[in-house]
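Enquirer:
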Amino acid sequence: MSSATAVTVQSSAPLRASGNTTHTKEVGHEQQEVSQHTTYQANSYMPNQPQEQYIATHDHSHDHSHVHSHQHNHDHVHDQYQHHPHPHDTHEHKHEHAHHHDHDHDHHDDHHHHHHHHYPAVSIPPFPSWADIFAHLAPMQKTIFTWFLIHCGIGILVWWAGASRDSLAIMGLSYLVIFDALGVLNTFVSDVARTHPAFLASSTKRPFSARRYEIVFAMATTIYLLFVTMYTTKESLEHLLTEDADHHDQGHHKSLGFTGFIILCISMGATVISCVNLRNHDNLVRYLRRSPPTVHGFSYNVINGARGNAVNIVLSNIYTTSILASCLVVLVFFVLGFASPMTDKFLAFGESVIMLYLGGPTAMALMKLLLQTTPDVARSGIESRLFEIRQNPDVVAIDRVHFWQNTYGKCVGTIEVQVKPTADEESILQFVYQKLEGLTTADAADSVGHLEGMG
């Protein structure tokens, strides 16, 4: 007969191994103790009588002694109140019926009492309020949030510049700048979730703490990008199809002007500052570099440059590079006088393609992360590691294999290993952990594991 060992490996917790073995003999002993305890509790509900009478109440001779005692009391009551005589057998029959009813009722109550357990309520501390979060921000976190407000304000200025000139290209560019500002907000949320003690605490409701909220915020940002993609595509195609039908003047288009030129230059500078100084979208860039997703043939080709040079930092960030390229193309078309109502619509449609290129694969990657699917980077090595574990002579079988990511770069792996009864469970746990440790670490530098065993 083999025993099962459940193993959980997490990349952000200390190593701990424990084993509990339960034998059949001990289970029977526990059942015997429960039975004795139940009998004792049942006796506590009986009237206050000697112990010998407790035992007699469950005897077959109980009916005879009890009827005799009641007959004496019945005669006494009958003489006192001078009731009409009635057959004694009839009264005795009623008394026995009532007695059996009371006995069954008491037994049911005792049975219900012993199988009804009261467990203490689990207290889960709530999340801190917004006022408490902002009251305990670190200086760098205050800087990041302030820059998010400034960056978002710049995006609104770009939208105003496009709306005042009836330019869909500039308005589409403003959506990209606002998305870049939301990336700064995601950096702020991730930093707070990783440093605030209330978000790091684990509980029965949140066993892996609240780190997954940063994934939810990133997914919301990506959904925004996909929404503005559909809106920009719809507007650009609608204006392109109705341009010739309405016979608009192709040369009638407002120039960018000095104010619009300054606003576009400021937006480009804000994008560079967010990327170089605040590592904007860095979580998504590193995550997509490890497992580049592909949607309908499109995939990311991220340049993995050195992090010391500002140019390499910008080029290694696909989001920053795409936003800067879009802004530069729009700026060149308007400054050189190539902008027209027709070219403006084509530029807007090109921006929607870039939005889809950024938002589609990102949404797919985050969706897999939220659905707790096995990462592609770990899928290739799982089978080989499991094969190595099966080669252990003490391992009988492996069941319930599941590897998933809690957040960026934090993987959790769970398997059930059935071992022989004569095997050393502690050594098996250590062996399995060593084999699976590399699969649950996104970066080899921070490989820390968590192991639990039940045997």
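Under the UniProt record's numbering, think of the first position of the sequence shown as 1, with each following residue one higher.
Where is the CB? At the ideal position from N, CA and C, for every residue including glycine.
(1) Which term fits residue 468, buried or exposed, when burial requires 16 or more other beta carbons within 10 angstroms of its beta carbon?
(2) Look up glutamate 437 in the DSSP assignment and say whether it is helix, strand or coil.
(3) Thinking just about the alpha-carbon of each residue, which of Thr374, Asn309 and Val272 is nearest to the one in cysteine 327?
(4) Quick check on glutamine 372: does DSSP put it in helix, strand or coil?
(5) Alpha helix (DSSP H) containing asparagine 186: first to last residue?
(6) Does histidine 196 pass the burial test, meaning 16 or more other C-beta atoms within 10 Å, or should it be called exposed?
(7) Which value, in whole angstroms, describes the spacing of the CA atoms of phenylalanine 188 and methionine 219?
(8) Would you kindly work out how many angstroms separate the C-alpha atoms of methionine 230 and phenylalanine 179, rounded to a whole number?
(9) Among Trp147, Ala138, Ile354 and Ala423, which one has its Cα closest to the Cα of asparagine 392?
(10) Considering just the uninterrupted stretch of the alpha helix (DSSP H) at glutamine 141, what are its terminal residues?
(11) Using the three-state DSSP reduction, which class does arginine 279 fall into: helix, strand or coil?
(12) Is the region 399-412 touching the region 368-378, taking contact as three or more C-beta pairs under 8 Å?
(13) Would DSSP call histidine 402 helix, strand or coil?
(14) Hey, how far is the Cα of glutamate 214 from the Cα of glycine 183?
(15) On the CB-based measure, 16 or more other CB atoms within 10 Å of its CB, does lysine 142 come out buried or exposed?
(16) Let me make sure I understand the geometry here. Which of Leu241, Ile144, Leu226 and Ile389 has the alpha-carbon closest to that of tyrosine 433?
(17) Per DSSP, which one or two residues make a beta bridge with threonine 407?
(18) As a quick exercise: from Thr374, Leu200 and Ala161, pick the residue whose alpha carbon is nearest that of proline 128.
(19) From Ala135, Lys435 and Met171, pick the residue whose C-alpha is nearest to that of glycine 260; which is it?
(20) Going by the CB atoms, is the gap between tyrosine 175 and glycine 153 shorter than 9 Å?
(21) So valine 158 and valine 177 are supposed to be a Cβ contact under 8 Å. How far apart are they, rounded?
(22) What does a CB cutoff of less than 6 Å around aspartate 89 pick up in its chain, not counting 5 residues either side in sequence?
(23) Based on Cα-Cα distance, which residue from Glu437, Ile133 and Leu241 lies nearest to phenylalanine 349?
(24) Does valine 228 pass the burial test, meaning 16 or more other C-beta atoms within 10 Å, or should it be called exposed?
(25) CB-CB under 6 Å to asparagine 280, same chain, minus the five flanking residues each way: which ones, in chain order?
(26) Our contact map puts alanine 169 next to valine 330 with C-beta atoms below 8 Å; I'd like the distance itself, whole angstroms only.
(27) Start and end of the alpha helix (DSSP H) containing asparagine 312?
(28) Hey, histidine 415 and arginine 400: beta-carbon distance below 9 Å or not?
(29) By the three-class DSSP mapping on this structure, what secondary structure does alanine 210 have?
(30) Hey, out of Thr321, Ala131, Leu358 and Thr373, whose CA is closest to valine 276's CA?
(31) Have a look at Trp160, Cys411 and Pro139 and flag the residue whose alpha-carbon is nearest the alpha-carbon of histidine 264.
(32) Give the straight-line distance between the Cα atoms of leucine 137 and proline 421, rounded to the nearest whole angstrom.
(33) Rounded to whole angstroms, what's the CA-CA distance from isoleucine 313 to aspartate 282? Just pull it up for me.
(34) So for alanine 131, helix, strand or coil by DSSP?
(35) Which of the three DSSP states is assigned to alanine 423 in this structure?
(36) Going by DSSP in three states, histidine 116 sits in which element: helix, strand or coil?
Expert: By the coordinates alone:
(1) Since the first and last residues shown for the chain are 1 and 455, residue 468 lies out of range.
(2) As a first step, residue 437 must be located in the sequence shown, where it is residue number 437. In the structure shown, glutamate 437 sits in a helix (DSSP, three-state: H, G or I).
(3) On the sequence shown, position 327 is the one that residue 327 refers to. Residue Val272 is the option with its Cα nearest to cysteine 327.
(4) As a position in the sequence shown, residue 372 is number 372, starting the count at 1. Correct three-state label for glutamine 372: coil.
(5) Counting from one through the sequence shown, the residue named residue 186 turns up at place 186. Asparagine 186 -> alpha helix (DSSP H) spans 168-195.
(6) Position 196 of the sequence shown, counted from the start, is the residue given in the question as residue 196. Buried, because 16 or more other Cβ atoms sit within 10 Å of the Cβ of histidine 196.
(7) By one-based count along the sequence shown, residue 188 stands at place 188. By one-based count along the sequence shown, residue 219 stands at place 219. Between the C-alpha atoms of phenylalanine 188 and methionine 219 there is a straight-line separation of about 15 Å.
(8) Indexing the sequence shown from 1 puts residue 230 at position 230. Indexing the sequence shown from 1 puts residue 179 at position 179. Cα to Cα, methionine 230 sits roughly 15 Å from phenylalanine 179.
(9) Here residue 392 refers to the residue found at position 392 of the sequence shown. Minimum Cα distance to asparagine 392 is reached at Ala423.
(10) Working through the sequence shown from its first residue, we reach residue 141 at position 141. Its alpha helix (DSSP H) spans residues 139-164.
(11) Taking the sequence shown and counting its residues from 1, the one referred to as residue 279 is at position 279. The answer is coil: DSSP assigns arginine 279 none of H, G, I, E or B.
(12) yes
(13) If you number the sequence shown from 1, residue 402 lands on position 402. In the displayed model, histidine 402 falls within a strand according to three-state DSSP.
(14) Residue 214 sits at position 214 when you count from the first residue of the sequence shown. Residue 183 sits at position 183 when you count from the first residue of the sequence shown. One C-alpha to the other measures close to 11 Å.
(15) Within the sequence shown, the letter at position 142 stands for residue 142. It is exposed - the Cβ of lysine 142 has fewer than 16 other Cβ atoms within 10 Å.
(16) By one-based count along the sequence shown, residue 433 stands at place 433. Considering only alpha carbons, the answer is Ile389.
(17) Taking the sequence shown and counting its residues from 1, the one referred to as residue 407 is at position 407. Answer is Lys410.
(18) On the sequence shown, position 128 is the one that residue 128 refers to. Answer by Cα proximity: Leu200.
(19) The sequence position of residue 260 within the sequence shown is 260, counting from 1. Among Ala135, Lys435 and Met171, the Cα nearest to that of glycine 260 is on Met171.
(20) Counting from 1 along the sequence shown, the entry for residue 153 is found at position 153. Counting from 1 along the sequence shown, the entry for residue 175 is found at position 175. In terms of Cβ geometry, glycine 153 and tyrosine 175 do not form a close pair [threshold 9 Å].
(21) Here residue 158 refers to the residue found at position 158 of the sequence shown. Here residue 177 refers to the residue found at position 177 of the sequence shown. Between valine 177 and valine 158 the Cβ distance is about 5 Å, and since that is below 8 Å, they are a contact.
(22) As a working note, residue 89 is residue 89 in the sequence shown. Annotation note: pLDDT 43 at aspartate 89 (below 50); position unreliable, coordinate value reported separately. Taken in chain order, the list of residues that qualify is empty.
(23) Here residue 349 is taken as the residue at index 349 of the sequence shown, counted from 1. Nearest C-alpha to phenylalanine 349: Leu241.
(24) For the purposes of this step, residue 228 is identified with residue 228 of the sequence shown, where counting begins at 1. By the 10 Å Cβ count, valine 228 comes out buried.
(25) Counting from 1 along the sequence shown, the entry for residue 280 is found at position 280. Taken in chain order, the residues that qualify are Gly183, Val184 and Ser274.
(26) Residue mapping note: residue 169 aligns to position 169 of the sequence shown, counting from 1. Residue mapping note: residue 330 aligns to position 330 of the sequence shown, counting from 1. Indeed, because the Cβ distance is near 5 Å, the residues count as touching under 8 Å.
(27) Your numbering for residue 312 matches position 312 in the sequence shown. Counting along the chain, the alpha helix (DSSP H) containing asparagine 312 begins and ends at 310-315.
(28) Sequence index remark: in the sequence shown, residue 415 carries index 415 (1-based). Sequence index remark: in the sequence shown, residue 400 carries index 400 (1-based). Sequence check: residue 415 is isoleucine here, not histidine. Contact: yes.
(29) Translated into positions along the sequence shown, residue 210 becomes position 210. Looking at alanine 210 - three-state DSSP - the assignment turns out to be coil, as it is neither helix nor strand.
(30) For this step, residue 276 is matched to residue 276 along the sequence shown. When only C-alpha atoms are compared, the closest one is Thr321.
(31) Here residue 264 refers to the residue found at position 264 when the sequence shown is read from its first residue. According to the sequence shown, residue 264 is leucine rather than histidine. It is Trp160 whose Cα lies nearest to the Cα of leucine 264.
(32) Sequence index remark: in the sequence shown, residue 137 carries index 137 (1-based). Sequence index remark: in the sequence shown, residue 421 carries index 421 (1-based). Roughly 53 Å separates the two Cα atoms.
(33) For the purposes of this step, residue 313 is taken as residue 313 along the sequence shown, with counting starting at 1. For the purposes of this step, residue 282 is taken as residue 282 along the sequence shown, with counting starting at 1. Going by the C-alpha atoms only, they are around 10 Å apart.
(34) Locating residue 131 in the sequence shown gives position 131, counting from the first residue. The answer is helix: DSSP assigns alanine 131 an H, G or I state.
(35) Numbered from 1 along the sequence shown, position 423 holds the residue referred to as residue 423. Secondary structure of alanine 423 (DSSP, three-state): coil.
(36) Stepping through the sequence shown from its first residue, residue 116 is reached at position 116. At histidine 116 the pLDDT is 49, less than 50, meaning the model places this residue with poor confidence; the figure from the coordinates comes in the next sentence. In the structure shown, histidine 116 sits in coil (DSSP, three-state: anything other than H, G, I, E or B).
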